[in-house]
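>
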Amino acid sequence: KAGVTQTPRYLIKTRGQQVTLSCSPISGHRSVSWYQQTPGQGLQFLFEYFSETQRNKGNFPGRFSGRQFSNSRSEMNVSTLELGDSALYLCASSPDGKQNQPQHFGDGTRLSIL
Amino acid sequence: DQQVKQNSPSLSVQEGRISILNCDYTNSMFDYFLWYKKYPAEGPTFLISISSIKDKNEDGRFTVFLNKSAKHLSLHIVPSQPGDSAVYFCAATTFSGNTPLVFGKGTRLSVIA
Numbered sequence: 049k050a051g052v053t054q055t056p057r058y059l060i061k062t063r064g065q066q067v068t069l070s071c072s073p074i075s076g077h078r079s080v081s082w083y084q085q086t087p088g089q090g091l092q093f094l095f096e097y098f099s100e101t102q103r104n105k106g107n108f109p110g111r112f113s114g115r116q117f118s119n120s121r122s123e124m125n126v127s128t129l130e131l132g133d134s135a136l137y138l139c140a141s142s143p144d145g146k147q148n149q150p151q152h153f154g155d156g157t158r159l160s161i162l
Numbered sequence: 054d055q056q057v058k059q060n061s062p063s064l065s066v067q068e069g070r071i072s073i074l075n076c077d078y079t080n081s082m083f084d085y086f087l088w089y090k091k092y093p094a095e096g097p098t099f100l101i102s103i104s105s106i107k108d109k110n111e112d113g114r115f116t117v118f119l120n121k122s123a124k125h126l127s128l129h130i131v132p133s134q135p136g137d138s139a140v141y142f143c144a145a146t147t148f149s150g151n152t153p154l155v156f157g158k159g160t161r162l163s164v165i166a
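Structure below.
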């Protein structure tokens, strides 16, 4: 069974640009969650999508947005990039989004802002 | 305000000995806890979990203990192996699973051969 796939693995952008990251969940999983990991900050929850609907949202500015397609693939978009957006962005999938069940993470997209 | 705290950024343990990783939480709403392990350049993987109706859960070399009154949990690894060297994250949610995971900042475990 293929795992969670995130593309691209690495990305370099400059301030003010926008970026789109992609996450393909495990087949059959309908929930995708996104996290930001910065040095020394752990994983911070961005949002969760289930069946194309955003069910939960973390405490991030509106520059961070996402969507989910009918095949459960999800994209995350960050507009007007700032230096502080440099981070590892992780997505995780699960069958039904229940957070008390193991979440299956991708290997992340490392975003660097110059 | 950090709701889940892992106060030790790093820990070094001799191979074969016990590793004890600690986690504290402040929000009484949390009643389900999970540990994830992360190797460099890989995503976190689920390790073990515990709900507040139990005070201990074992899975092979890994045991998680929960002290609800102290709002404290710990992960014990016995015996520690070099392959256990990784960053360990404690995460909290509710028993219903409807609340997003809140992660600690992680503890980097180094097991020395």
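Those protein sequence lines, which keep their order, are chains A and B.
49 is the number of the first residue of the first sequence in my numbering; add one for each residue after it.
54 is the number of the first residue of the second sequence in my numbering; add one for each residue after it.
Yeah, the Cβ is synthetic: ideal placement off N, Cα and C, and Gly gets one too.
Would you grab the beta carbon distance between A:Val-52 and A:Cys-139 for me? Rounded to a whole angstrom, and I think it's under 8 Å.
Here residue 52 of chain A refers to the residue found at position 4 when the first sequence is read from its first residue. Here residue 139 of chain A refers to the residue found at position 91 when the first sequence is read from its first residue. Right, their Cβ atoms sit about 6 Å apart.
> Can you confirm whether the region 83 to 93 of chain A touches the region 145 to 158 of chain B when touching is taken to mean that 3 or more C-beta pairs between the two stretches lie within less than 8 Å?
yes
> Which bits of chain B does A:Glu-96 rub up against, with CB to CB less than 9 Å?
Along the first sequence, read from residue 1 onward, the residue named residue 96 of chain A stands at position 48. Those are Pro-153, listed as they occur along chain B.
> Pop quiz: A:Asn-148 and B:Gly-150 are said to be a contact at Cβ under 8 Å. What is the actual Cβ separation, rounded to whole angstroms?
Taking the first residue of the first sequence as 1, we reach residue 148 of chain A at position 100. Taking the first residue of the second sequence as 1, we reach residue 150 of chain B at position 97. Yes, they are in contact, since the Cβ atoms of A:Asn-148 and B:Gly-150 sit about 4 Å apart, within 8 Å.
> Let me know if A:Phe-95 comes out buried or exposed under the rule of 16 or more other beta-carbons within 10 Å of its beta-carbon.
Within the first sequence, numbered from 1, the residue matching residue 95 of chain A stands at position 47. So A:Phe-95 counts as buried.
> For a test of the three-state rule: what should DSSP assign to B:Asp-167, helix, strand or coil?
Summary: the structure shown does not reach residue 167 of chain B, with chain B confined to residues 54 through 166, and so no result is reported for it.
> Is there a C-beta anywhere in chain A that falls below 7 Å from the one on B:Lys-58?
By 1-based counting over the second sequence, the position of residue 58 of chain B is 5. Not an interface residue.
> Could you say which of B:Cys-76, B:Ser-102, B:Phe-118, B:Leu-64 lies nearest to B:Thr-200 if we only look at CA atoms?
No information on residue 200 of chain B is available, as it lies outside the stretch 54 to 166 that chain B covers here.
> Compare the C-beta of B:Tyr-85 against all C-beta atoms of chain A and say whether one is closer than 7 Å.
Indexing the second sequence from 1 puts residue 85 of chain B at position 32. Answer yes: the Cβ-Cβ gap between B:Tyr-85 and chain A drops below 7 Å somewhere.
> Can you check which of these residues, A:Gly-76, A:Leu-136, A:Tyr-97, A:Ser-70, is closest to A:Asn-125 by C-alpha distance?
Position 77 of the first sequence, counted from the first residue, corresponds to residue 125 of chain A. Ranking A:Gly-76, A:Leu-136, A:Tyr-97, A:Ser-70 by Cα distance to A:Asn-125 puts A:Ser-70 first.
> For B:His-129, report the span of its beta strand (DSSP E) as first-last.
Taking the second sequence and counting its residues from 1, one reaches residue 129 of chain B at position 76. Looking at the DSSP string, the run of the beta strand (DSSP E) that includes B:His-129 is 125 to 130.
> Between which two residues does the beta strand (DSSP E) carrying B:Tyr-92 extend?
As a first step, residue 92 of chain B is located in the second sequence; it is residue number 39 there, counting from the start. Run containing B:Tyr-92: none; DSSP gives neither H nor E here.
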